[in-house]
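Here the sequence shown stands for residues 12 to 477, where the numbers follow this note's numbering.
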Amino acid sequence: MGAVIELERLQRVLELHCSCCLQLFAEPVRLTGCGHSFCRGCILRYCAGRRRAACPLCRCAFEPQHLRPNRELAALLGLIPRELRDTLEAQEEPRAYGAAACNDLSSAGRGRGEKEEEIWESSKQQEITAETIHLLRKDLNRTKEYTSQIKCQITKDFCCMKEYVERQERNTLMFIEQQQKAAQQKIEETIHQLTDIKAQTRDLCERQMHEGSPLTINKITLDEKLNVVKSAVEDLKRKLEILLLENYAQQLPPVQPPDFYQEPSVSSSPPEPAAESPEPTISSHFSQWADDVTFDPTRVHERLALTAQNRRVMVSSYPTSYQPSPKRFSISQVMCSQGFSTGCHYWEVITKDSDGWAVGVAHDMIGKRDKLGRTEHSWCVEWLGPKKQLSVWHKDQETLLHKDKPLKVGVFLELEKKTVSFYSIADKEILLHTFEINTSNPLYPAFWLYTLERNGSLTISQPNRR
12 MGAVIELERL QRVLELHCSC CLQLFAEPVR LTGCGHSFCR GCILRYCAGR
62 RRAACPLCRC AFEPQHLRPN RELAALLGLI PRELRDTLEA QEEPRAYGAA
112 ACNDLSSAGR GRGEKEEEIW ESSKQQEITA ETIHLLRKDL NRTKEYTSQI
162 KCQITKDFCC MKEYVERQER NTLMFIEQQQ KAAQQKIEET IHQLTDIKAQ
212 TRDLCERQMH EGSPLTINKI TLDEKLNVVK SAVEDLKRKL EILLLENYAQ
262 QLPPVQPPDF YQEPSVSSSP PEPAAESPEP TISSHFSQWA DDVTFDPTRV
312 HERLALTAQN RRVMVSSYPT SYQPSPKRFS ISQVMCSQGF STGCHYWEVI
362 TKDSDGWAVG VAHDMIGKRD KLGRTEHSWC VEWLGPKKQL SVWHKDQETL
412 LHKDKPLKVG VFLELEKKTV SFYSIADKEI LLHTFEINTS NPLYPAFWLY
462 TLERNGSLTI SQPNRR
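So, in structure tokens, the structure goes:
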């Protein structure tokens with residue numbers, strides 16, 4: 012009897028009954044969220060078939076997989092003698108009734124729980140959506156701010172460049188005007204002196220003429236100064252083209268740039284953009300075999316810059332930022348992307364802007380240091396300006412042609428006949444030389460530029476098939 016009294020006092024301090032079955036705990040487990048304890052069987056029946064459920068007492072959400080055994084409560088219940096436990100259970104409602112009540116509570120709770128779970132998931136989804144919208148708006152604001160800063164910086168940079176170019180233009184024009192005025196003043200003084208001399212004797216006039224005309228001397232001096240200025244402006248244009256069209260070609264928008272090398276037009280219509288027609292198109296009886304060939308950025312020396320949609324190659328003062336390539340030439344040489352193994356093919360190259368060059372064809376496996384025409388599988392026509400010498404090369408054997416420098420070279424490749432012919436293109440085609448080729452491998456257009464220390468360029472003509 013004393014043990015029962017002590018147990019009743021203990022129950023007033025601690026809850027020893029499950030809220031679901033109203034019986035003493037059987038294998039008690041604790042909910043991780045709120046800490047309430049239930050029989051394992053009761054709480055599992057309550058949340059059967061649901062991924063999440065709400066606590067039957069406080070509605071706090073929990074997941075069945077996160078139930079934790081309440082070892083302290085189980086140990087406390089284990090201290091109650093078996094006889095006393097049976098007495099207490101006999102005094103209370105039968106466990107079957109408690110189980111039925113647990114099932115009813117489970118069914119009711121399951122219905123409420125499912126609705127609460129749907130509400131919770133919907134609320135959670137709304138929170139995630141709202142957070143995503145907030146982050147996107149935050150990113151948008153950052154993007155707008157960054158874009159605005161970049162636009163302001165670009166505007167400032169272009170203003171500085173325009174101011175510099177305009178300042179150089181003003182200074183150059185002012186220098187030319189000053190030189191012209193100085194020359195004009197000297198010429199007027201010379202005319203005045205010659206007018207005075209006319210009154211003197213004929214012999215004195217003749218001696219003056221034999222000594223040299225001051226007018227001619229002054230004119231030559233002025234021409235030399237103007238030529239120096241013109242050369243400096245052309246050099247500035249070359250550097251600007253290389254800087255803008257090559258070093259930043261991949262970063263800048265694809266705007267069609269003007270051709271810096273195009274001669275000024277006196278007509279009212281604007282000149283064609285360089286990207287559309289860098290040089291006159293092919294128009295000869297070879298036009299039906301004309302191919303659209305372009306320089307290969309992976310097979311060009313780093314000091315050779317490609318412009319005009321990879322149709323012009325020029326010597327650059329600084330290395331160009333190409334992508335790394337194991338086939339990049341170590342000498343001033345470049346190949347085209349297009350290779351040919353069958354049929355007839357024709358292309359033309361403008362050579363007037365280079366003092367030294369070679370135009371030919373080569374096998375794809377030509378070495379990075381192999382010069383065009385010096386190997387078994389490469390053939391070319393070559394012009395050396397310092398020697399004023401035109402020749403053809405194959406297998407390191409030179410054949411002199413004793414002809415003037417071609418301003419444009421045409422290459423006609425006939426793979427069925429196994430020949431390659433080089434022509435000088437002017438008003439008509441003049442055959443320079445024909446090689447017999449003995450390779451079955453694809454051949455590629457190849458080019459060489461004389462010395463990296465001099466400015467020079469080669470330009471591929473656009474095909475114009477008739």
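Glycine included, C-beta positions come from ideal geometry on N, C-alpha and C.
Endpoints, the alpha helix (DSSP H) within which residue 483 is located: Lying outside 12 to 477, the shown extent of the chain, residue 483 is not represented and no answer is given.
Pair within 8 Å by beta-carbon distance, residue 482 and residue 365: Summary: the structure shown does not reach residue 482, with the chain confined to residues 12 through 477, and so no result is reported for it.
Distance, residue 313 Cα to residue 336 Cα: Counting from one through the sequence shown, the residue named residue 336 turns up at place 325. Counting from one through the sequence shown, the residue named residue 313 turns up at place 302. If I take the Cα positions, the gap works out to 11 Å.
The segment 375-384 contacting the segment 436-449, beta-carbon criterion three pairs below 8 Å: no
Residue 29, enclosing alpha helix (DSSP H) - first and last residue: Mapped onto the sequence shown, residue 29 falls at position 18. No alpha helix (DSSP H) holds residue 29; DSSP gives it neither H nor E.
Helix, strand or coil at residue 349 [DSSP, three-state]: Position 338 of the sequence shown, counted from the first residue, corresponds to residue 349. In this structure, residue 349 counts as coil in the three-state DSSP scheme.
DSSP three-state assignment for residue 202, whether helix, strand or coil: What you label residue 202 is simply residue 191 of the sequence shown in a count that begins at 1. Correct three-state label for residue 202: helix.
Counted within 10 angstroms of its Cβ, other Cβ atoms place residue 67 as buried (16 or more) or exposed: To locate residue 67, count along the sequence shown from 1; it is residue 56. With 16 or more other Cβ atoms within 10 Å, it is buried.
Residue 406 burial status per 10 Å Cβ neighbour count (16 or more: buried): Here residue 406 corresponds to residue number 395 of the sequence shown, with the count starting at 1. Exposed, by the Cβ-count rule.
Of the residues 44, 437, 311 and 135, the one placed nearest residue 457, counting alpha carbons only: As a first step, residue 457 is located in the sequence shown; it is residue number 446 there, counting from the start. Comparing Cα positions, the closest option is 311.
Neighbourhood of residue 439 by C-beta distance below 6 Å, restricted to the same chain and skipping five residues each side: Translated into the one-based positions of the sequence shown, residue 439 becomes position 428. Closer than 6 Å at the Cβ level, and outside the excluded window around residue 439, lies no residue.
Neighbourhood of residue 414 by C-beta, 6 Å cutoff - its chain only, sequence neighbours within 5 removed: Along the sequence shown, one-based indexing puts residue 414 at 403. Taken in chain order, the residues that qualify are 401.
Own chain, CB closer than 6 Å to residue 80, minus 5 neighbours either side, in chain order: Taking the first residue of the sequence shown as 1, we reach residue 80 at position 69. Excluding residues within five positions, the ones whose Cβ falls inside 6 Å are 40.
One or two residues paired with residue 358 in a DSSP bridge: Here residue 358 corresponds to residue number 347 of the sequence shown, with the count starting at 1. Residue 358 pairs with 422.
Residue 11, buried or exposed, once every other Cβ within 10 Å from all chains shown has been counted against 16: Summary: the structure shown does not reach residue 11, with the chain confined to residues 12 through 477, and so no result is reported for it.
Status (buried if at least 16 other CB within 10 Å, exposed otherwise) for residue 341: Your numbering for residue 341 matches position 330 in the sequence shown. Per the 10 Å Cβ criterion, exposed.
Proximity below 8 Å, CB of residue 316 to CB of residue 331: As a position in the sequence shown, residue 316 is number 305, starting the count at 1. As a position in the sequence shown, residue 331 is number 320, starting the count at 1. Yes. Within cutoff.
8 Å Cβ cutoff met for residue 419 and residue 362: As a first step, residue 419 is located in the sequence shown; it is residue number 408 there, counting from the start. As a first step, residue 362 is located in the sequence shown; it is residue number 351 there, counting from the start. It is a contact, given that the beta carbons lie within the stated cut-off.
Residue 450 (DSSP reduced to helix, strand or coil): Position 439 of the sequence shown, counted from the start, is the residue given in the question as residue 450. Note: residue 450 maps to coil in three-state DSSP.
C-alpha distance - residue 348 paired with residue 248, whole-angstrom precision: Position 337 of the sequence shown holds residue 348. Position 237 of the sequence shown holds residue 248. Going by the C-alpha atoms only, they are around 28 Å apart.
Three-state secondary structure assigned by DSSP to residue 304: As a first step, residue 304 must be located in the sequence shown, where it is residue number 293. Coil at residue 304, not helix or strand.
Candidates 359, 149, 158 and 322, of which the one nearest residue 296 by Cα: Taking the first residue of the sequence shown as 1, we reach residue 296 at position 285. Among 359, 149, 158 and 322, the Cα nearest to that of residue 296 belongs to 359.
At least three beta-carbon pairs within less than 8 Å, the segment 87-94 to the segment 60-78: no
Closest by C-alpha distance to residue 307, when choosing among 155, 471, 95 and 141: Position 296 of the sequence shown, counted from the first residue, corresponds to residue 307. Cα-wise, what sits closest to residue 307 is 471.
Closest by C-alpha distance to residue 309, when choosing among 352, 375, 300 and 70: Against the sequence shown, residue 309 aligns to sequence position 298. Measuring from the Cα of residue 309, the nearest candidate turns out to be 375.
Residue environment, residue 352, which counts as buried when at least 16 other CB atoms sit within 10 Å: Numbered from 1 along the sequence shown, position 341 holds the residue referred to as residue 352. Residue 352 should be labelled exposed.
Reduced DSSP category for residue 325 - H, G, I as helix; E, B as strand; rest coil: Working through the sequence shown from its first residue, we reach residue 325 at position 314. Here residue 325 sits in strand by DSSP.
Per DSSP, the bridge partner or partners of residue 64: Looking up residue 64 in the sequence shown gives position 53. DSSP output for residue 64 lists 73 as bridge partner(s).
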